[in-house]
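To start, the structure itself, in structure tokens.
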Amino acid sequence: DQQVKQNSPSLSVQEGRISILNCDYTNSMFDYFLWYKKYPAEGPTFLISISSIKDKNEDGRFTVFLNKSAKHLSLHIVPSQPGDSAVYFCAAWGSSGDKLTFGTGTRLAVRP
Amino acid sequence: EAGVAQSPRYKIIEKRQSVAFWCNPISGHATLYWYQQILGQGPKLLIQFQNNGVVDDSQLPKDRFSAERLKGVDSTLKIQPAKLEDSAVYLCASSPSSAGASYNEQFFGPGTRLTVL
């Protein structure tokens, strides 16, 4: 049962343009949604989060949007930079203790 | 502040052998997690410790996997005997607080890549 889904395994974007990564979830009990970024041979690092009571959270070039009625969230990166090239995981928290439920990840490639 | 440390970084074993991974969380972090990340998938929680007690091990294959966190600091995860499908990256994470009403950021180590031949 995949409660958090990232349907796009990869995305390629030109430097300076917007990157939009999408995530869908099925469990309406999640309290927080998070995006993690992962470089090869490193562990995931926290990028940005949003509470289920908000619909937008912005941090510099990164903005996360939450649409609860559609059970959908997205991460916008503007402008995209080559250093943003990584695998991005969507994760959700709160339906069951401290457990994070991760999506399968989207590999972002930002072309110079 | 030092991050989450894991060793070894890479391990290759044959099926039916045993293997152990070690994790040292960030100092003062009460909660420690072990995740399994199979290629092409997201990390999946295997076990969560609160200090030296187990909070959640519902997805740990207990017939072959075991974990302990003696003294509530570092932790070891063991697989005995290993199967081909255990090939994955094993990630350790820690967070500063106990289970509660709000999310506490989890900090991940670099992981141990296990290959079972």
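Protein chains in written order, with this note's numbering: chain D, 537 to 648; chain G, 7 to 123. We treat Cβ as the ideally placed atom computed from N, Cα and C, and that holds for glycine. In this text the structure is predicted, and so the values were computed from the model without any measurement.
Under the 10 Å beta carbon count, V122/G is surrounded by 16 or more other beta carbons and is classified as buried.
By the C-beta criterion, the region 544-555 of chain D is judged to be in contact with the region 609-618 of chain D, since at least 3 inter-stretch pairs fall below 8 Å. For Q12/G, the enclosing beta strand (DSSP E) has its first and last residue at 11-13. Take R15/G, set aside five residues on each side of it, and the residues of its chain with a beta-carbon closer than 8 Å to its own are P116, G117, T118, R119, in chain order. The Cβ-Cβ distance between I85/G and R75/G does not fall below 8 Å.
In terms of CA proximity to G78/G, G34/G leads the group P87/G, K21/G, G34/G.
Straight-line measurement puts the Cα of L51/G at about 12 Å from the Cα of W629/D.
Nearest Cα to P576/D within the set Y561/D, K635/D, V623/D: V623/D. By DSSP's assignment, Q43/G forms a beta bridge with V95/G. DSSP places F27/G in the uninterrupted beta strand (DSSP E) bounded by 25-30. Taken in chain order, the members of the region 567-597 of chain D whose beta-carbon sits within less than 9 Å of a beta-carbon on chain G are D567, Y568, L570, Y572, K574, A577, E578, G579, P580, T581, F582, S585, S587. Beta-bridge pairing by DSSP links Q550/D to R647/D. Where V60/G is concerned, the enclosing beta strand (DSSP E) starts and stops at 59-62.
Ranked by how close their Cα comes to the Cα of V10/G, the residues Q56/G, A73/G, Y39/G have Y39/G in first place.
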